[in-house]
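In what follows, a single structure is set out as C-alpha cells and then discussed.
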Amino acid sequence: MHSKVFIKNGTLTTRFGNNIPFDKLTFRYNTIGIPIVLGGLVVKKPSYKMRLYTGLEVDLVTKIKAQYTQNNIDFTSSLRKKDKRDLIRPAQFSYQMGMGMDVAMFIMDFRYNLGFRNFIKNNIERKLIYFKLLLALFFNNF
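Going by my numbering, the first residue of the sequence shown is number 1, and it counts up by one from there.
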C-alpha cells in the first residue's frame, strides 16, 4: 500500500542537516501487509461460491520519502531512522472482515479494515479505516 501524509509548520532532521524548519511537509510511505485470516465457504455450488473471513493484519512500513517546502522551495530527502521513528510508527495492527463471491468466472471481494492505532505519531487520535472492493475476471488455462 502506498500512502501520503501532509504536515504544516515544524522542524525536520534529515541527512542534509538538523532542525530544518519547513512550511509544509509531505511524506510518502510504502507498507507491506501480512494478514492472519480465518474464513470459510458459506455457499459452494458449481457456478457460485460465497466466502466469509475475519482476522488481523499487520502492516509494516518499508520506505519513507519526505518532500518539504521551505520559503517556497521544494526539497526531497530520505528520512533518518530517528526521524522515521519520531514521525511514524513502524507497524500498524488492524482488524479486518469481509466476504467474497465467485460467480462463474467473475470474482468480487469486499473487505472492511479497522486500524487499532495510527501510523502517524501526533496528538490527534486517528485510525485507519477503509473499505476495499475488488472485482476480477478469472481465466482458465485449458
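Using N, Cα and C, we set each Cβ at its ideal position, and we do this for glycine too.
Can you tell me which of the three DSSP states residue i falls into?
i: residue 80; result: coil
i: residue 30; result: strand
What's the gap between the Cα of residue i and the Cα of residue j?
i: residue 120; j: residue 45; result: 45 Å
i: residue 113; j: residue 101; result: 18 Å
i: residue 75; j: residue 105; result: 48 Å
i: residue 59; j: residue 37; result: 14 Å
i: residue 42; j: residue 50; result: 6 Å
i: residue 33; j: residue 67; result: 24 Å
i: residue 137; j: residue 109; result: 12 Å
i: residue 135; j: residue 107; result: 6 Å
i: residue 64; j: residue 91; result: 13 Å
i: residue 28; j: residue 85; result: 14 Å
If you follow the beta strand (DSSP E) that residue i is in, where does it begin and where does it stop?
i: residue 110; result: 106–115
i: residue 139; result: Note, residue 139: premise wrong, no beta strand (DSSP E); not H, not E.
To test your reading of the DSSP string, which unbroken alpha helix (DSSP H) runs of 4 or more residues are found completely within the region 32–91?
Whole alpha helix (DSSP H) segments, 4+ residues: 81–87.
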